[in-house]
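Please read the structure below before turning to the comments.
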Amino acid sequence: MNDLSASSQIAYRAALVQPARVHRIRGLSDKALAWLFITPTIVLLLAINIFPLIWTIYLSFTNYRANRPNVPMRWLGIDWYQTILTDPDIWAAMQVTAHFVIWTVLIETVLGFGLAFLIDKKFRGHGVWTTIILLPMMLSPAVVGNFWTFLYQPQIGLFNYVLAFFTGSGASSFQMLGDVTLSPWAIVIVDVWMWTPYVMLICIAGLRSIPDFIYEAAEVDRASKWRQFWSITLPMALPFIMLAVLFRGIENFKMFDMVNLLTGGGPGSTTEVASITLKRAAFESWRTGYSSAFAIILFVTVFGLANIYVKALNRVKSR
Amino acid sequence: MSIDATSCKPRRGFMDKLLRRGPLEAVATTIIAVGVIMLMQPFSLVLYSWSFATTLFGTVMFIIVSRVRE
């Protein structure tokens, strides 16, 4: 009886206290709470993304040099843009970038889709193999850059010895990073080694999204495996493949860290991709206005590609 | 007496069909892709010179048409 009265007293007190607490919490509306949580992110975004972008756009129209901050800025209009877009050296850097982007994306897509197709068969130990294949992707590009520089060493590098074993030539007879012909391919090999697993992951997602009943219907219609691949697997996984292609294309278009660590743009300018040229103009020649204009050109290109990427992403989502 | 059911369907003109988000986005996407190809192609310096303007036009068009009705 006492317990009952005690519990009823507690319930009575709770009933008295609770409305007041609720009232205090409800003092902030949902909208106000949302703004409270979003404001720090917006402020941070404005400070570290939007403001530098607007400032870069402004600098791209001036003769500003970061190593001479006291020299008064002069308005140049679109002079830097005209200079960059008629400069054969920058054009050559764009072609080096194109070579790098096209080959890496092509090889990564073919290998990534092939690996995904194999892993999707769910053979014994496929989980372990997936983890092993994903390992390169988890490493930092700085680590990968140093690691492969060591592997490419002509005297002690493992890569040269393996290649020499298969080709029969001397291990020290060629330099992957020092040769004009081989160095662009050396970077392509490292990027493919590192990022094929990523393409594989996206392709696995695409392959697993295909319902089994479509294959069952194809089996009933006595479609061959080859026919099933061309008529079901490839068309249905295509939006995911496109997504991987776009993502890798955008990433490789602005590739900097790996190229900088492996070759630094050399020998000569054979591996000088656009981002390396930009870095040289900005932090070696200190042509800040010029490099800002170049950065804006690269930004607009990446932004345009990102729009296509988002559109492809929405198409995948709507499936 | 027969009833013509098709006459009840609202008729859409050619421009009405064209000025929808889907086709316009496809046009903008194509312009962006052409701009990127122009930027990286090894054949003509003139095409390279106009690549930025093309990509910028495509991107601005994409931003505008993504607000057009579905």
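If you read the protein sequences in the order shown, they are chains A and B.
The end of the first sequence is residue 321 by our numbering, with every number in the run present.
The end of the second sequence is residue 86 by our numbering, with every number in the run present.
The beta-carbon is built from N, C-alpha and C at its ideal position, and this holds for glycine as well.
Inclusion of A276(A) and A95(A) in the CB contact set at 7 Å is warranted, their separation being smaller than that value. Our two residues, T46(B) and N262(A), have alpha carbons roughly 32 Å apart in a direct line. Counting the other Cβ atoms within 10 Å of the Cβ of A34(A) gives fewer than 16, which makes it exposed. M202(A) counts as buried, since at least 16 other C-beta atoms from the protein chains shown sit within 10 angstroms of its C-beta. Distance check between W66(B) and each of G266(A), W93(A), V182(A), L108(A) places W93(A) closest, using alpha-carbon atoms only. Straight-line spacing of the CA atoms in A220(A) and A118(A) works out to 21 Å.
Its chain contains D122 as the residues whose beta carbon lies nearer than 8 Å to that of R210(A), once the 5 sequence neighbours on both sides are disregarded; these appear in chain order.
The beta carbon of Y66(A) is closer than 7 Å to those of M75, T290, G291 in its chain, skipping five residues each way along the sequence. The beta carbons of V81(B) and A44(B) sit closer together than 7 Å. Segment contact: the stretch 240 to 260 of chain A against the stretch 121 to 141 of chain A, fewer than three CB-CB distances shorter than 8 Å; contact not assigned.
Under a 10 Å Cβ-count criterion, E218(A) is classified as exposed, with fewer than 16 other Cβ atoms of the shown protein chains found around its own Cβ. With its beta carbon at least 7 Å from every one in chain A, M54(B) lies outside the interface.
In this structure, S287(A) sits away from T58(A), with a CB-CB distance that is not shorter than 7 Å. Taking 4 residues as the minimum length, the alpha helix (DSSP H) runs contained wholly in the stretch 240 to 288 of chain A are 259 to 264, 276 to 285, in order along the chain. Per the coordinates, the alpha-carbon of A188(A) lies some 28 Å from the alpha-carbon of V130(A). If you compare the alpha carbons of C205(A), T133(A), Y83(A) with that of M244(A), the shortest gap goes to C205(A).
When C-beta atoms of the stretch 167 to 177 of chain A are compared with those of the stretch 109 to 116 of chain A, fewer than three pairs fall below 8 Å, so the two segments do not count as touching. The shortest C-alpha to C-alpha distance from L264(A) to any of L47(A), S185(A), I44(A) is the one to S185(A).
Interface annotation, I299(A): in contact with chain B, CB-CB separation under 7 Å.
For N309(A), the nearest CB of chain B lies under 7 Å from its own CB, placing it at the interface with that chain. Looking only at D32(A), P269(A), A246(A), R317(A), the smallest Cα-Cα distance to D181(A) is reached by P269(A). Secondary structure at T290(A): helix, using DSSP grouped into helix, strand and coil.
Each of N309(A), I299(A), V304(A), L307(A) was checked against the Cα of T88(A), and the nearest Cα belongs to I299(A). Partner residues in the beta bridge of T64(A), as assigned by DSSP, are W77(A). The DSSP-derived three-state label of S171(A) is coil. The three-state secondary structure of K319(A), taken from DSSP, is helix. For a cut-off of 8 Å, the C-beta gap from V146(A) to M238(A) is around 33 Å, too long to register as a contact. Between the C-alpha atoms of P213(A) and L236(A) there is a straight-line separation of about 13 Å. Spatial neighbours of E86(B) in its own chain (CB-CB distance under 6 Å, excluding positions within 5 residues in sequence) are listed in chain order as R37. Neighbourhood of E41(B) in chain A, by CB distance below 7 Å: K313, in chain order. The beta carbons of L40(B) and V302(A) sit no closer together than 7 Å.
Collapsing the DSSP output to three states places T43(A) in a helix. Counting along the chain, G114(A) sits inside the alpha helix (DSSP H) bounded by residues 90 to 121. In chain order, S67, T70, T71, G74 place their CB closer than 7 Å to the CB of G51(B), counting only its own chain and leaving out the 5 sequence neighbours on each side. Taking CB atoms only, I80(B) has no neighbour in chain A less than 7 Å away. The residue from T106(A), T272(A), I310(A), W228(A) with its alpha-carbon nearest to that of Y200(A) is T106(A).
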